[in-house]
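2 protein chains.
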Amino acid sequence: MEQLNDLIAKSKLVRKWCMVSTTEAGSGHPTSCLSSADLTTALFDRFFTYDIANPLNLYNDRFVLSKGHAAPLLYTLFGMAGAYRLEELKTLRKFGSRFEGHPTPKFIYAEAATGSLGQGLSVGAGLALASKREGYPNKVFVLIGDGELAEGQNWEAANFAAHEKLDNLIAILDINRLGQSQETMFGHHIEEYVNRFKAFDFEVIAIDGHNYEEIIAAFEKATQNSNGKPFAIVAKTMKGHGISFLENKDGWHGKALKKEELDKAIKELEPINDNLKFALKKPQQTKLPEKDPSVRNVDLGFDKNKEYATREVFGDALAKLGQHNKDIYALDGDVMNSTFTETFKKDHPERFVESYIAEQNMVCVGTGLSRLGKIPVAATFGAFLTRAYDQIRMARVSDANIKFVGSHVGVSIGEDVPSQMALEDIAMFGALPDTVVLQPSDATSTAKLLPHMINHKGFVYMRTLRPKTPLLYDQQQTFNIGGSKMLRFSSSDELTVVGTGITVFEALKAADDLKKENINIRVVDCYSINPIDADTLKNCLQETKKKILITVEDHFEHGGMGDFASAAISGMEGQVIKMAVTKISESGTKDELLKDAGISADKIVEKVKSLVRVIEPVA
Amino acid sequence: MEQLNDLIAKSKLVRKWCMVSTTEAGSGHPTSCLSSADLTTALFDRFFTYDIANPLNLYNDRFVLSKGHAAPLLYTLFGMAGAYRLEELKTLRKFGSRFEGHPTPKFIYAEAATGSLGQGLSVGAGLALASKREGYPNKVFVLIGDGELAEGQNWEAANFAAHEKLDNLIAILDINRLGQSQETMFGHHIEEYVNRFKAFDFEVIAIDGHNYEEIIAAFEKATQNSNGKPFAIVAKTMKGHGISFLENKDGWHGKALKKEELDKAIKELEPINDNLKFALKKPQQTKLPEKDPSVRNVDLGFDKNKEYATREVFGDALAKLGQHNKDIYALDGDVMNSTFTETFKKDHPERFVESYIAEQNMVCVGTGLSRLGKIPVAATFGAFLTRAYDQIRMARVSDANIKFVGSHVGVSIGEDVPSQMALEDIAMFGALPDTVVLQPSDATSTAKLLPHMINHKGFVYMRTLRPKTPLLYDQQQTFNIGGSKMLRFSSSDELTVVGTGITVFEALKAADDLKKENINIRVVDCYSINPIDADTLKNCLQETKKKILITVEDHFEHGGMGDFASAAISGMEGQVIKMAVTKISESGTKDELLKDAGISADKIVEKVKSLVRVIEPVA
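These protein sequences, in sequence, are chains A and B.
Okay, so the first sequence: first residue is 395 according to this note's numbering, each after it adds one.
Okay, so the second sequence: first residue is 395 according to this note's numbering, each after it adds one.
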């Protein structure tokens, strides 16, 4: 019992700083911290094994704060673990502070940026998966709020964790009854959570989250668990626990205490020993992630007379690169035979991750893998990456080093209709700062760009095509992020047509047709959409008669390559004319749909002629 | 037993056309149709109550094909229900046909476009919810594949359906074991599904999905169910059932039969009676959705001397409009006290839908409501709408009439960090064809734009602000989709600064500061981002000295208002210079973050001066 008194004393200091820091900030979620304070005090003081000097030590246990609004708790825990003085928490939410309103990578102990809810279990599953596969003995703890359990992604993660037998993953469910605007769906009926996690094949224990005997017994069971099942501790807690006027009260979500309320609360806690620290256990070994060497070009020996689908070339090239670089993981959403990550799976099953049809979980597992120095390549239909836009956005906030590949882009997929066509993916990825967007049009450029994608640190999105396309480039050609290729040019070009992916071929056909009528146009393959090759586009504008760039893309009109091109030439004389998809498409053949969308060769010919004629009427 | 023979005979005709149509198309998913053929034959012939002449009859049962790739089955079912001749199915997947590769609104019997998986149960829940609330006795059947049950959204929908006591909702789970690229996570272990749905408070029955006695008993139980629980029929089926060389075989997903394979398959089915029809029951009553009258302006009597948060004004105005128009439903994701849909809830609880923190389900419930003639207004933090981008995209393909409201946009929210800031939402909505994007900056424009939003048929997205802003406009002013307001102008303007939302105030401050230095600029409030007021922007370009538009927006640089402005002036002399957020933000005050992002008044002043000076060096 003396031991428990020790924990109670430490929890008072935890509670104090969750309240002091938020009052100092004038905003934040102190009551959401207080409900978890006892659970996490026990965890950090008795069970958590962590090398505070090396947050990336692969032997470290991991703590993922899924309920990101409880950030002050996270900051207090690591402060009491000795990472910094608690006084520094008074900078909470202040500009420039590492203690942001929700955890971000500025706080080096955060495993991922959280605050968009319901993502932590997936991140934890990614961390736990890598440890399992690579033989590290650590545990991954994920603190989850009850409000966020309404997010379906939790159940994607739960299925995944159970299927992968992640018995090193421990979900701590803080069931404090109160959401932001009202009671949660299940209030304090914790059996609803117990039943669900049991049905999802977790080992489950239900406890009072403020009773240290029960908490310690639960963590003991959870950390000794090795039966192949992930573990869930379902803890009934009280929001604001420990302070009489906050505990289990409505209307206190996301509110900092006023100074006088804080004083009153501190009085309730006193005496408080400000010198207490957690007795953090240090792992016996230290190993930091080592970066595998950069990958180089792969020669896949393409046959000039054959056609190739860039998606298939991507799969072949990735499998080859996986031999050079053991950090590469491939992530799939049950479409590996469409995206061709199945080729990688054949060669490197130990680094292939099947997420089934659960794209949100797939992306966050990638965030977890990235934290451990892996290079996750997450591939599905480009259209289905929209399913995970929030997770992609949060992975970007997390500074995750993930590579995304979206296949089956645009109307050129043919018969399978709009639900399967990626037509907003360039807008979606392009909006995120510092995100590279690539779209190779042939086999050579795909194989040549892939090493750049892997070696680039940060977000890269590659679009791949469903149909096969002829070879445009030989092995001598080089390709770079930010580059482009000029495929047709003469000294008397009227204007420039900029294509990307499938539309490069439409542009070439248009150029050839126009040439027969003595109209010369320049054709650029804009395989790097962001960054776009501004210098080349500017030169094209200056060197052509009409000072026009026609951008042609198999993507919706707003937010696509055309807008990147416009931005690139802003301030120059001349203009960008966007040809893109402007309506919901339908079933049909590739050629019917390209034409119907107004981005086929004949539509380009029409457009060019109208521009040439408008400015130079027939004599 | 004779009755069962009748069903078996009909199922043969169903199977025939699922295969004939896909073979004719040369692509499609016949085996995914065959696993559901017996379940749906029994449903349509014995239980489904439907007025084929009036698909929108509110007394109709509803059939939602969540597994959209089984579209040929859907088309065959309604053909055998007498909607058209089965021969027409030979146009499947052909350009112009109403029988698209996955269901779309061109097929008027489809309740929603499907094909991005795991969305049907939510759509069905929306349909069932409206029937429950408005007292219609119909049933809603949702056919769900096992592969798509990996999508977490299903569990959001399941929670929602149970919580709302939707015992008129019947989920039919076609557990055929095989996904696209491999066996599903649970294969034929149907107890995994039974346990999950039971834990989610469904009434559950497990059956052999090819045994008509069991199927009929299950539907009898399901349709008589009135215990407040939604119903799940977990059916163990075989992909390709009924054809020996397809049944339960790997490698047949998404493949049409070759002609000779089709002949062989048909032989196995023969004899087939091509004249069989379903004995569809007609509902006893007919009532079509009546459109409530257009809403008009609401006068909220703003006080000139006060400041208002546009999000709060939105809530007040919506509640008022809800009195005029009983079709309006408000949908929330547990942030009603932040988005202020709580005001609507107080006045119209019967048309308020709480989806808790489950944005995917929220949007698809909206799709279901829209199908019934309702006007769903789905509101959450703009950042969290990214969670439902796939559902939003599919709602757009469904031609749903949904209004989206995203609060807490941009860095101007202050301390709560990037996870809570909507900075890619204009790109996300703007990319979707024919989607109106609005961003009022003050109380008056918010209240005046809201009726336009409600009356506009189709997608509208409105951004609302967290902080309070002063009144810019009086009640006499009019606002329109596609409009803008010029707030500063003179006969000697150097250039134009175009703001939207919070940046309008930064632009005004900049203009006032610059005026003190005798630099006149024009300021436009671009409250309608898409469509943008091209005429005004063009005039501004022509009428100012430098022919420059500086767009300033609290949104990432790519895909925002600046790109709409660029597109609007394409071809004119002059240029757009975009000032927008170019990096991940952090915690801080509103003003610190606007400045840090480079979109504050002083940054505008700096930019304007640099442009004025560059072009006209100091004398």
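Built from N, CA and C at the ideal position, the CB exists for glycine as well.
Quick caveat, the model's predicted, so the values are computed rather than measured.
D726 of chain B classed as buried or exposed, judged by whether at least 16 other C-beta atoms fall within 10 angstroms: Residue mapping note: residue 726 of chain B aligns to position 332 of the second sequence, counting from 1. With 16 or more Cβ atoms within 10 Å of its Cβ, D726 of chain B is classed as buried.
Proximity to G520 of chain A [Cα-Cα], best of A:R456, A:P449 and A:L694: Stepping through the first sequence from its first residue, residue 520 of chain A is reached at position 126. The residue with the shortest Cα to Cα distance from G520 of chain A is A:R456.
L563 of chain A: CB within 7 Å of a non-hydrogen atom of the ligand HEM: In terms of ligand content, the structure shown is empty, and the ligand HEM therefore cannot be addressed.
Alpha helix (DSSP H) runs wholly inside the stretch 730-800 of chain B, at least 4 long, in chain order: 730-733, 735-741, 753-765, 776-779 and 783-791
8 Å Cβ cutoff, A593 of chain A in contact with chain B: As a working note, residue 593 of chain A is residue 199 in the first sequence. Yes, its Cβ sits closer than 8 Å to a Cβ of chain B.
Proximal residues to E809 of chain B (C-beta, below 6 Å), its chain only, five neighbours per side dropped: Translated into positions along the second sequence, residue 809 of chain B becomes position 415. So the list reads S981, once near-sequence residues are dropped.
Whole runs of the beta strand (DSSP E) within the stretch 616-682 of chain B, excluding any shorter than 3 residues: 625-630
Residues within the stretch 705-724 of chain B neighbouring chain A, beta-carbon criterion of under 9 Å: Going along the stretch 705-724 of chain B in chain order, one finds no residue with a Cβ nearer than 9 Å to chain A.
Proximal residues, the stretch 815-844 of chain A versus chain B, C-beta separation under 7 Å: Only those residues of the stretch 815-844 of chain A whose C-beta falls short of 7 Å from the nearest C-beta of chain B are listed: E818, A821, M822, G824, A825, L826 and P827.
Rounded separation between L631 of chain A and D602 of chain A - CA only: Here residue 631 of chain A corresponds to residue number 237 of the first sequence, with the count starting at 1. Here residue 602 of chain A corresponds to residue number 208 of the first sequence, with the count starting at 1. One detail in the question is off: residue 631 of chain A reads as Thr in this sequence, not Leu. Answer to the nearest angstrom: the Cα atoms are 7 Å apart.
Neighbour-count burial assignment, N874 of chain A, 16 or more Cβ in a 10 Å radius: If you number the first sequence from 1, residue 874 of chain A lands on position 480. Classification for N874 of chain A: exposed.
Buried or exposed (CB count within 10 angstroms, at least 16 for buried), S1004 of chain B: For the purposes of this step, residue 1004 of chain B is identified with residue 610 of the second sequence, where counting begins at 1. Result: exposed.
Below-8 Å beta-carbon distance, S421 of chain A vs any chain B residue: One-based indexing of the first sequence puts residue 421 of chain A at position 27. Chain B, which has a Cβ nearer than 8 Å to the Cβ of S421 of chain A, makes this yes.
Simplified DSSP assignment, three categories, for Q969 of chain A: As a position in the first sequence, residue 969 of chain A is number 575, starting the count at 1. In the structure shown, Q969 of chain A sits in a strand (DSSP, three-state: E or B).
Within-8 Å CB hit, L780 of chain B to chain A: In the second sequence, the residue the question calls residue 780 of chain B occupies position 386. As written in the sequence, residue 780 of chain B is Thr, which differs from the Leu given in the question. Yes - at least one Cβ of chain A is within 8 Å of the one on T780 of chain B.
A1013 of chain A in three-state terms, based on DSSP: The residue labelled residue 1013 of chain A in the question sits at position 619 within the first sequence. Because the pLDDT at A1013 of chain A is just 47, under 50, the model does not fix this residue reliably, and the value given afterwards should be weighed accordingly. In this structure, A1013 of chain A counts as coil in the three-state DSSP scheme.
8 Å contact criterion, which P466 of chain B and P424 of chain B should meet: CB distance rounded: Position 72 of the second sequence, counted from the first residue, corresponds to residue 466 of chain B. Position 30 of the second sequence, counted from the first residue, corresponds to residue 424 of chain B. Between P424 of chain B and P466 of chain B the Cβ distance is about 7 Å, and since that is below 8 Å, they are a contact.
Chain-ordered residues of the stretch 431-453 of chain B with a beta carbon less than 9 Å from chain A: none
Presumed contact (8 Å Cβ cut-off) between K1078 of chain A and L670 of chain A, rounded CB distance: Outside the shown range of chain A (395 to 1013) lies residue 1078 of chain A, about which nothing can therefore be said.
Start-to-end residues for the alpha helix (DSSP H) that takes in H557 of chain B: Taking the first residue of the second sequence as 1, we reach residue 557 of chain B at position 163. Q547 to H557 is the extent of the alpha helix (DSSP H) around H557 of chain B.
S638 of chain B classed as buried or exposed, judged by whether at least 16 other C-beta atoms fall within 10 angstroms: Residue numbering aside, residue 638 of chain B sits at position 244 when the second sequence is read from its first letter. Burial call: exposed.
Span separating the alpha-carbon of G518 of chain B from that of G877 of chain B: Locating residue 518 of chain B in the second sequence gives position 124, counting from the first residue. Locating residue 877 of chain B in the second sequence gives position 483, counting from the first residue. Cα-Cα distance, rounded: 37 Å.
Contacts that S750 of chain B makes with chain A (C-beta to C-beta distance below 8 Å): Taking the first residue of the second sequence as 1, we reach residue 750 of chain B at position 356. Sequence check: residue 750 of chain B is Tyr here, not Ser. Those are G541, A544, G573, T578 and M579, listed as they occur along chain A.
Simplified DSSP state of A991 of chain B, which is helix, strand or coil: Counting from one through the second sequence, the residue named residue 991 of chain B turns up at place 597. In this structure, A991 of chain B counts as coil in the three-state DSSP scheme.
Chain A within 8 Å of R487 of chain B, Cβ atoms only: Along the second sequence, one-based indexing puts residue 487 of chain B at 93. So, interface residue.
Interface flag, Y783 of chain B vs chain A, CB-CB below 8 Å: Within the second sequence, residue 783 of chain B is the residue found at index 389, counting from 1. Judged by the 8 Å Cβ criterion, Y783 of chain B is in contact with chain A.
Separation of F798 of chain B from F734 of chain B, as counted between CA atoms: On the second sequence, residue 734 of chain B is found 340 positions in, with the first residue counted as 1. On the second sequence, residue 798 of chain B is found 404 positions in, with the first residue counted as 1. Taking the straight line from one Cα to the other gives about 13 Å.
Between the CA atoms of A475 of chain B and I502 of chain B - distance to the nearest angstrom: By 1-based counting over the second sequence, the position of residue 502 of chain B is 108. By 1-based counting over the second sequence, the position of residue 475 of chain B is 81. In a straight line, the C-alpha of I502 of chain B is about 14 Å away from that of A475 of chain B.
Cβ of E1000 of chain B within 8 Å of any chain A Cβ: Mapped onto the second sequence, residue 1000 of chain B falls at position 606. Not closer than 8 Å to any Cβ of chain A, the Cβ of E1000 of chain B fails to qualify, so no.
Separation of S979 of chain A from S806 of chain B, as counted between CA atoms: Counting from one through the second sequence, the residue named residue 806 of chain B turns up at place 412. Counting from one through the first sequence, the residue named residue 979 of chain A turns up at place 585. Near 37 Å, if we compare the C-alpha coordinates of S979 of chain A and S806 of chain B.
Neighbour-count burial assignment, M966 of chain B, 16 or more Cβ in a 10 Å radius: Walking along the second sequence from the start, residue 966 of chain B turns up at place 572. Exposed: under 16 other Cβ atoms inside 10 Å.
Length at least 4, wholly inside the stretch 872-949 of chain A: the alpha helix (DSSP H) runs in chain order: Correct list: 896-910 and 928-937.
Any chain B beta carbon closer than 8 Å to S878 of chain A: Working through the first sequence from its first residue, we reach residue 878 of chain A at position 484. Taking 8 Å as the threshold, the shortest C-beta distance from S878 of chain A to chain B does not fall below it.
Per DSSP, cross-strand counterpart(s) of F535 of chain A: Mapped onto the first sequence, residue 535 of chain A falls at position 141. DSSP output for F535 of chain A lists A:F457 and A:I564 as bridge partner(s).
Any C-beta of chain A under 8 Å from that of S964 of chain B: Mapped onto the second sequence, residue 964 of chain B falls at position 570. Interface residue, yes.
Status (buried if at least 16 other CB within 10 Å, exposed otherwise) for N589 of chain A: The residue labelled residue 589 of chain A in the question sits at position 195 within the first sequence. Answer is buried; the Cβ neighbour count reaches 16.
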